[in-house]
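Notes follow once the structure below has been shown.
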Amino acid sequence: YTILQEIRRQTHSVIKSPDVKPLANYALGTALDYKNQRLLFLSGQLGISPEGEIPLDAEKQSELCFLNLARILRAENASLVNILHLRAYVVAREYMSSYMSARDAAFSGISPPASTLLIVN
317 YTILQEIRRQ THSVIKSPDV KPLANYALGT ALDYKNQRLL FLSGQLGISP
367 EGEIPLDAEK QSELCFLNLA RILRAENASL VNILHLRAYV VAREYMSSYM
417 SARDAAFSGI SPPASTLLIV N
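Sequence positions in the sequence shown follow the numbering used here and run 317 to 437.
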């Protein structure tokens with residue numbers, strides 16, 4: 317018997333943000349109350365503005381990803397400071413530094429979360 321088995325038995329709610337719209341039929345995140353704590357599980361975010369625009373610049377896309385995460389967290393009265401772990405995917409090595417710059421800026425002044433960065437292509 318594990319904590320995950322116990323958590324899976326709980327009912328979760330869907331997180332909705334007025335500032336971020338999913339691109340398909342999925343939840344931006346889910347929330348679960350567990351032992352007097354509210355656990356949030358967020359879907360991956362894309363570098364898309366609320367108007368549906370995608371900048372050509374990788375760093376600007378990454379900045380939008382973090383802005384979208386912050387907007388979703390705000391819907392649950394949370395912020396980037398509450399993130400424990402990030403898993404990020406970039407499509408080519410040349411975009412790593414752009415992503416890392418945006419990540420470092422997003423977490424400037426707060427303790428950064430554990431982080432995994434994968435290159436997929």
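Where is the CB? At the ideal position from N, CA and C, for every residue including glycine.
(message) Please tell me whether S359 and L344 are closer than 7 Å, where the distance is taken between their beta carbons.
(response) Residue 359 sits at position 43 when you count from the first residue of the sequence shown. Residue 344 sits at position 28 when you count from the first residue of the sequence shown. Yes; because the gap between Cβ atoms is below 7 Å, this pair is in contact.
(message) Spatial neighbours of A391 within its chain, please: C-beta separation below 7 Å, excluding the five flanking residues on both sides.
(response) Here residue 391 refers to the residue found at position 75 when the sequence shown is read from its first residue. Answer for A391: I331, K332 and S333, listed in chain order.
(request) Let me know the secondary structure DSSP gives R325 once reduced to three states. (result) Within the sequence shown, the letter at position 9 stands for residue 325. In this structure, R325 counts as coil in the three-state DSSP scheme.
(message) With a threshold of 7 Å on Cβ separation, who are the neighbours of N437 within its own chain once the five nearest residues in sequence on each side are excluded?
(response) For the purposes of this step, residue 437 is identified with residue 121 of the sequence shown, where counting begins at 1. Closer than 7 Å at the Cβ level, and outside the excluded window around N437, lie V407 and A408.
(request) Kindly indicate which three-state DSSP category Q377 falls into: helix, strand or coil? (result) Against the sequence shown, residue 377 aligns to sequence position 61. Of the three classes helix, strand and coil, the one that applies to Q377 here is helix, per DSSP.
(message) Between P366, S378, Q353 and F423, which has its C-alpha nearest H401's C-alpha?
(response) Within the sequence shown, numbered from 1, the residue matching residue 401 stands at position 85. Ranking the options by Cα distance to H401, first place goes to F423.
(request) With DSSP collapsed to three states, give me the class of D335. (result) In the sequence shown, the residue the question calls residue 335 occupies position 19. The three-state secondary structure of D335, taken from DSSP, is coil.
(request) Tell me whether Y405 is buried or exposed, calling it buried when 16 or more other Cβ atoms sit within 10 Å of its Cβ. (result) For the purposes of this step, residue 405 is identified with residue 89 of the sequence shown, where counting begins at 1. Exposed: under 16 other Cβ atoms inside 10 Å.
(message) Which of the three DSSP states is assigned to V311 in this structure?
(response) An answer regarding residue 311 cannot be provided, because it is not within the stretch 317 to 437 covered by the chain.
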